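Numbering (the working numbering), first residue to last: 9 to 516.
Where a beta carbon is used, it is the ideal one built from N, C-alpha and C, also for glycine.
Predicted model only: the values in this text are computed from it and were never measured.
One structure is given here, and the rest of the page talks about it.
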RNA sequence: CGGGGUGUAGCUCAGCCUGGUAGAGCGCUAGCUUUGGGAGCUAGAAGCCGGAGGUUCGAAUCCUCUCGCCCCGACCA
């Protein structure tokens, strides 16, 4: 069986993932450990994610700002849990000048900063410091701000897109007069993320609240949207935090109430990152490479002219260019691949990159006024590549609907996988342990999916115990799905009466 | 920061044990043939063998030190 990639998902999922990232021209690792170069095709996907999400963030009343990359060390120190959460992965700037000493270029000892600066791992503190000055009166609230930025977290185990030392994201930060409003904001943005993942990335997610031990450092409550990858692991695709008054207390974000008193603001923060691109790859990719949902495909229809270095090439190119213009005229992102390589190679390059529709045009098509095309979501029947023919006008007229169908099909496929592999019939921890193959170490990477089960929502030391037991099976609690209602069975960890359902899964 | 591995052409790697001065595949360049579908043949460009020191007539190969990277653990959007 000839596939476009040299490794299949079944053989080795992590290797398959790397192979898609590489062969689809998404990104590559760089000279800087843990930092990646995002290539045009990968960045194009991110740009589309950015464009759409930016609009949705604005539509919900937020405005964009930009805050500094550097944060004074003392700012980080202000919120105790925040420090603890991020201290171990912080890049620190200590000097402002280089000097050649004994022929070695190094930080000039004379140019040491009085106070070190950290490269932002997230911006709660610097934004809180700003909010403190911006918020005076209840009339200044709510303050609804977002920024698109890069952040740095010195990760020990980087993986392209999924976990890199530097990554791109948006971080929303808001301040509110009271807790109810801040909580509503937290939940609103979580819902924006859920809809965005489903409608735009065609990636079904489960929105829910994180258990206490998985909370953002400094948050009162953390919510996430979790997506199931094709190896059954969970990917946290986005988070939204209700920060209570923790940061307001640490940074003195207060306002005068209508009654003349002084009150602390309730703040929120929420973000999604370039990790989404990794999620798209692991949700939709197949053994021929990436499959991009049309909504985030930088090129939705790629036209490959079959050129042979003969006089009729010119007519083929003219035909392709005319087709491209017609597709552009109906609002689609179309391109003609004029690169001087064999057309069969071009086709497979676009298959690997996941262009939703690939059109091939040869002299015979031109003569007959038809196009031959493949849809990437249904590339093969068995091993055979499926291609279809359509008259030029029919193809152009139906292209938008075709793309919509591809988008829907990718979502439905992923949704069916999520539904099929989310089990809720395991009643005890022993069942769960057996299901995830506790004994068989070599079984650790085989597909398992998620388990939904009731628990008694322990806290503190009791929760730590639960965490330990799960950890032995490489499992984590992903979240407690929203919108659930009892009655609940017995807690799978303790047998005590359950108070809510949680999702248990291996995770990225 | 613990345990293991590895560094040779753009990429993947062989050669190292048993020192004699550089190889393969893919990719790249050119030419010819082929082409309704991931082609073949021929020719070619490309590496002071991670770095420093040592042993030796001679080091990719042996020794010492050093740096980088990868995998497994602790941490993680």
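| Straight-line Cα distance separating residue 129 from residue 98 | 7 Å
| request: Could you tell me the boundaries of the alpha helix (DSSP H) in which residue 509 lies? | output: Element bounds for residue 509: not the alpha helix (DSSP H) but the beta strand (DSSP E), 508-513.
| query | residue 373 and residue 365 look like a contact to me (Cβ under 8 Å); what is the Cβ gap, rounded to whole Å? | reply | Actually they are not in contact, since the Cβ atoms of residue 373 and residue 365 sit about 15 Å apart, beyond 8 Å.
| query | For residue 117, which of helix, strand or coil comes out of DSSP? | reply | Three-state DSSP puts residue 117 in a helix.
| Where residue 149 and residue 224 are concerned, what is the direct C-alpha to C-alpha distance, given to the nearest angstrom? | 24 Å
| message | With DSSP as the reference, identify every bridge partner of residue 151, one or two as the case may be. | response | DSSP lists 183 as partners of residue 151.
| said: Between the alpha carbons of residue 396 and residue 338, how many angstroms are there, rounded? | reply: A straight-line Cα-Cα distance of about 21 Å links residue 396 and residue 338.
| request: Return the chain-ordered ranges of every alpha helix (DSSP H) run that is complete within the segment 393-453 and spans a minimum of 4 residues. | output: 400-428, 437-443
| said: Report the CB separation of residue 245 from residue 257 in whole angstroms; it is logged as a contact under 8 Å. | reply: With 8 Å as the limit, residue 245 and residue 257 do not qualify as a contact, their Cβ atoms being about 30 Å apart.
| message | Rounding to the nearest angstrom, what Cα-Cα distance links residue 187 and residue 29 in this structure? | response | Cα to Cα, the separation comes out at about 42 Å.
| message | Quick check on residue 133: does DSSP put it in helix, strand or coil? | response | helix
| request: Have a look at the DSSP bridge pairing and note the partners of residue 107. | output: 114
| request: Would you tell me roughly how many angstroms separate the C-alpha atoms of residue 212 and residue 383, rounded to the nearest one? | output: 21 Å
| residue 404 versus residue 333: straight-line alpha-carbon distance, rounded | 10 Å
| query | According to DSSP, what are the bridge partners of residue 274? | reply | 184
| query | What distance in whole Å lies between the Cβ atoms of residue 151 and residue 81, which are believed to be in contact at a cut-off of 8 Å? | reply | With a Cβ gap of about 25 Å, residue 81 and residue 151 do not count as contacting.
| Alpha-carbon to alpha-carbon, residue 497 and residue 505 | 7 Å
| Opposing strand residues paired with residue 279 [DSSP bridges] | 179, 247
| task | State buried or exposed for residue 355, treating a residue as buried only when at least 16 other CB atoms are found within 10 Å of its CB. | result | Burial call: buried.
| query | Count the other CB atoms within 10 Å of the CB of residue 44; is the residue buried (16 or more) or exposed (fewer)? | reply | buried
| request: Evaluate the contact criterion for the segment 98-108 versus the segment 131-148: three or more CB pairs, one atom per stretch, below 8 Å. | output: no
| request: State buried or exposed for residue 104, treating a residue as buried only when at least 16 other CB atoms are found within 10 Å of its CB. | output: exposed
| task | Take residue 85 and list the residues in its own chain whose beta-carbon comes closer than 7 Å to its own, dropping the five residues that flank it on each side. | result | 91
| request: Report the rounded CA-to-CA distance for residue 418 versus residue 93, giving the unit in angstroms. | output: 37 Å
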